[in-house]
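A.B. asks: With the numbering used here, letter number 41 in the sequence shown gets 43, and the count goes up by one each step, no holes.
Don't be surprised by glycine CBs; every beta carbon is placed ideally from N, CA and C.
Mind having a look at this structure? Questions to follow.
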Amino acid sequence: MLSSTVLVQGYVMESLYINRAKFAMVVVNGISMPFFKQLNSKLKQ
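Now the structure itself:
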């Protein structure tokens, strides 16, 4: 009983960590992509 609880807790923590990493990637991409596009358009002018 105890081992299954620990396994579930570990799985939940791991999935939260993975989701947080994915979310961070999305946020970084969402912030950096428009910034670089803006920078490129300024450089081209």
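Is DSSP giving Gln11 helix, strand or coil here?
C.D. replies: Three-state DSSP puts Gln11 in a helix.
A.B. asks: DSSP three-state label for Gln40, please.
C.D. replies: Correct three-state label for Gln40: helix.
A.B. asks: Rounding to the nearest angstrom, what Cα-Cα distance links Glu16 and Lys24 in this structure?
C.D. replies: Roughly 12 Å between the two C-alpha positions.
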